[in-house]
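Accompanying notes for the structure given below.
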Amino acid sequence: MRAWRLAVGFGVLAALLARPGEGAGADPAVDAARAFRQAHGAEILRSFAELLALPNVASDLPGIERNALFIREALAARGARTELWRQDGVPPIVFGELPAPGAARTLGVYMHYDGQPVVAADWAQDPWQPTLYDGALEAGGRPRPLPVPGEPIDPEWRLYGRGAGDDKAPLPAILAALDALEAAGIPRTVNLKFFFEGEEEAGSGHLEAYMREHRERLDVDLWLVCDGPVHQSRRPQLVFGVRGITALDVTVYGASRYLHSGHYGNWSPNPALLLSQLLASMKDADGDVVIAGFYDDTIPPGPAERAALAALPAVEEGLLRELELAPGATDGAGATLAERLLLPSLNVRGLVSGAVGAGARNVIPTQAEASLDVRLVKGNDPQRMLDVVEAHIASHGFHVVRETPDAATRRAHPRIAKVVREGGYPAARTPLDAAAVQPAIAAARRVAGDELILMPSLGGSLPLYLFADILGSPVVIVPIANHDDNQHAPNENLRLANLWYGIELMAALFTSGG
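For the sequence shown, my numbering assigns the number 4 to the initial residue and increments by one for each residue that follows.
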C-alpha cells in the first residue's frame with residue numbers, strides 16, 4: 004500500500020488549475036473556463052455569496068421559495084426554458100431545459116438546493132452571512148473581504164456558510180461554465196435538463212411523486228448528480244453509486260421504576276447491560292456483522308469496479324492521523340475504506356440509559372434505548388435487512404413488540420425489546436464500464452488527467468435508485484466540494500480551488516461529444 008503523502012495530496016486541485024493546458028493536454032472548453040474564472044472570479048464569488056445568504060432549510064417554505072426563484076432566474080438568464088414544479092406544502096422542483104443545436108445526447112443535471120438546519124451559536128459567524136476566510140478555520144484562517152474585480156484570488160481561500168459545500172456549490176460552477184462557453188463562442192455538444200430539488204436533506208419525501216408526474220420530461224441519456232466531496236486525497240473523482248439506508252430504534256426494559264443499585268443490584272435486571280450485550284452480539288472483534296443473513300444478498304463489485312478499487316490512492320494512514328485513531332483501531336482487519344463502503348454496515352448512532360457525569364445516580368435504570376442505522380449496498384432490500392436484524396434480536400431471547408409494553412406483557416416475558424422501524428431506500432450503482440458513462444469519464448479526464456479517481460460507491464446515501472427505477476437512466480455522481488467541507492456541520496465551507504475545478508469540469512461535461 005502506497006503511503007499517503009498529505010502535503011502532495013492537498014495540493015492536487017490547486018496544481019491542476021494553476022497550469023493551463025497541463026494534465027490531459029490543452030482543451031478549448033477547459034481553457035475557456037479557466038480564462039473566464041480567472042477574469043471573473045470576484046463576480047462568481049459575489050453571486051455565490053448572494054445565494055448562500057438565502058436560508059435554505061426545507062421546512063422553511065418561504066426561504067426555500069426565495070432559493071428556487073434565484074436559481075430559476077439564474078438559469079433563465081443563460082437561455083434555459085425554466086419552470087417551477089409544485090406540490091402543495093412542499094419545496095418546488097426547479098426544472099430547466101437548454102437544448103444544443105444538433106446534439107445527439109442529453110445530460111440531466113441534478114442537485115439539491117436545500118441544506119441542513121443550523122445552530123447559529125456553534126458557528127464562527129452567522130451561517131446565513133457567507134464569509135470568506137484566507138484559509139481553513141482549523142489552520143488559523145481569518146475572515147477577509149470578498150475580492151473586487153481584478154484582484155488576485157488565492158485558491159486556498161474558503162467561503163463559509165450553510166450550503167457552501169452541500170449542495171449549492173454546483174450552481175456557480177454550472178453557471179460560470181455556461182458563461183465561459185458562451186463568451187468563447189464554443190458550442191455545447193449536449194442538450195441539458197436541470198432538475199433541482201429542495202427537499203433532499205429532509206429525506207426527498209416527494210421526489211418520487213415529482214418524477215412520476217413528469218416522467219416524460221425527464222428522459223435523458225445520463226444523469227449527472229452534483230453532490231458530495233472529492234476524494235480524501237483531494238484528487239478529483241467521479242462516483243458511480245451510493246449506499247442505501249434504513250434504520251430502527253430498539254428499547255429494552257427492566258423494572259417499572261428506578262431502583263436503588265445497592266438494594267437491588269445483582270438481582271433486578273439492568274436494561275443498559277442487556278442492551279449493551281445485545282448490541283455487542285451483532286458484530287465480531289473485526290467489526291464484521293455476525294447477524295445471520297446480513298451479507299447474503301450483497302452484490303460484489305465487478306471486474307471494472309475491482310480494477311478501480313486497486314487504482315485508488317491510499318488514504319488510510321492520513322485519515323488515522325487526521326481523526327486521531329490508532330493503527331488497528333478501524334473495522335475490517337486492515338481492509339481499505341473504499342472496500343468497506345461496498346459492504347452493508349450496521350451503526351449505533353445513539354445510545355441512552357440513565358445518566359452520566361454530574362447527573363449520575365446510584366440507580367438501576369428502567370429502560371435503555373439504541374438507535375441503529377443500516378447502510379445498504381447493491382442487492383440489499385431495506386425491509387429484509389430490518390427483518391434479519393429483528394430476527395437476531397428475537398434469537399437472543401427478546402420478545403419483540405411495536406408499542407411500549409403494558410404491565411401484563413412485562414410480567415409475561417423476561418426480556419422485551421420494542422423495535423420501531425424507519426423507512427429507507429436501496430442502494431444504486433452504475434457499472435463503471437457502462438457505455439453511457441464513458442463520455443463523462445473522458446470529459447473529466449480532460450480536466451484532471453491521470454489524477455481522476457473512479458470510485459464505485461460513496462459511503463453516504465442518496466435516493467439514486469429512483470433515477471434507475473422510474474426514469475430508467477444511468478447515473479454518475481460529479482463531486483466538487485472539498486472532503487473537509489464540514490458537510491451538515493457548523494462552519495460548512497467550500498475551498499475555492501474546488502469551485503474553480505468544478506467550473507472547468509462542467510465546461511468539459513457540457514462539451515463531451517455526441
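Just so it is clear, CB atoms sit at the ideal spot from N, CA and C, and this is done for glycine as well.
Would you mind reading off the limits of the beta strand (DSSP E) that contains residue i?
i      : result
His402 : His402 to Val404
Gln240 : Gln240 to Val242
Asp376 : Gln370 to Leu379
Phe73  : First-last for Phe73: Leu64 to Ala80, but that is the alpha helix (DSSP H), not the beta strand (DSSP E).
Leu457 : Ile456 to Met458
Ser348 : Ser348 to Val355
Ile419 : Ile419 to Arg424
Leu225 : Leu225 to Val228
Arg161 : Arg161 to Tyr163
Out of the options, state which residue places its alpha-carbon closest to the alpha-carbon of residue i.
i      : options                           : result
Gln370 : Leu322, Asn350, Ala492 and Ser259 : Ser259
Glu154 : Ser264, Ala42 and Ala123          : Ala42
Gly296 : Ala187, Asn59 and Arg387          : Arg387
Pro104 : Ala437, Leu251, Asp409 and Asn194 : Asn194
Ala431 : Asn383, Leu181 and Arg191         : Asn383
Gly337 : Ala310, Ala358, Gly290 and His266 : Gly290
Leu467 : Leu457, Val479, Pro459 and Met458 : Val479
Asp63  : Val121, Ala80 and Gly268          : Val121
Pro150 : Gly208, Pro130 and Ala45          : Ala45
Gln119 : Val355, Asn59, Leu140 and Asp129  : Asn59
Ala332 : Glu320, Phe73 and Glu342          : Glu320
Arg343 : Val392, Thr433 and Val245         : Val245
Ala123 : Gly144, His395, Val392 and His491 : His491
Gly66  : Gly400, Arg309 and Tyr116         : Tyr116
Ala341 : Gln128, Arg413, Ile473 and Ala314 : Ala314
Asn365 : Glu308, Ala443 and Tyr261         : Tyr261
Arg191 : Gly247, Gln128, Arg40 and Ala35   : Ala35
So residue i packs on residue j, CB below 8 Å; how close in whole Å?
i      : j      : result
Cys229 : Tyr136 : Their Cβ separation, rounded to whole angstroms, is 24 Å, which puts Cys229 and Tyr136 out of contact at 8 Å.
Pro175 : Ile47  : 6 Å
Glu495 : Ala167 : 5 Å
Glu216 : Leu210 : Incorrect: roughly 11 Å between the Cβ atoms, too far for contact.
Pro482 : Val242 : 6 Å
Tyr267 : Pro347 : Actually they do not touch by this definition, with Cβ atoms about 40 Å apart.
Ala446 : Ala511 : 4 Å
Leu345 : Val380 : 6 Å
Ile189 : Ala79  : Not quite, the Cβ-Cβ distance comes to about 21 Å (not below 8 Å), so this is no contact.
Ile419 : Val255 : 7 Å
Does residue i come out as helix, strand or coil in the three-state DSSP assignment?
i      : result
Leu315 : coil
Asp252 : strand
Ala27  : In this prediction, Ala27 scores a pLDDT of 45, lower than 50, which makes its location untrustworthy; no coordinate-derived value is stated.
Arg364 : coil
Trp503 : helix
Tyr136 : strand
Arg108 : strand
Leu497 : strand
Thr412 : helix
Val478 : strand
Gly335 : coil
Ile473 : coil
Leu508 : helix
Glu308 : helix
Phe297 : coil
Val219 : Rather than Val, the amino acid found at residue 219 in this sequence is Glu. Three-state result, Glu219: helix.
His115 : strand
Ile96  : strand
Phe513 : coil
Leu282 : helix
Which term fits residue i, buried or exposed, when burial requires 16 or more other beta carbons within 10 angstroms of its beta carbon?
i      : result
Trp270 : exposed
Arg405 : exposed
Val293 : exposed
Pro417 : exposed
Asn350 : exposed
Gly505 : buried
Gly26  : With a pLDDT of 43 at Gly26, under the threshold of 50, the modelled position of this residue cannot be trusted; read the value that follows with caution. Counting Cβ neighbours within 10 Å, Gly26 comes out buried, since at least 16 surround it.
Ile302 : exposed
Leu497 : buried
Thr249 : buried
Gly164 : buried
Pro330 : exposed
Asp182 : buried
Gln240 : buried
Leu326 : exposed
His486 : buried
Leu435 : buried
State the start and end residues of the unbroken alpha helix (DSSP H) segment that holds residue i.
i      : result
Met388 : Pro385 to Ser398
Val450 : Gln441 to Ala451
Leu87  : Run containing Leu87: none in the alpha helix (DSSP H); it sits in the beta strand (DSSP E), Arg84 to Trp88.
Gly265 : Ser264 to Tyr267
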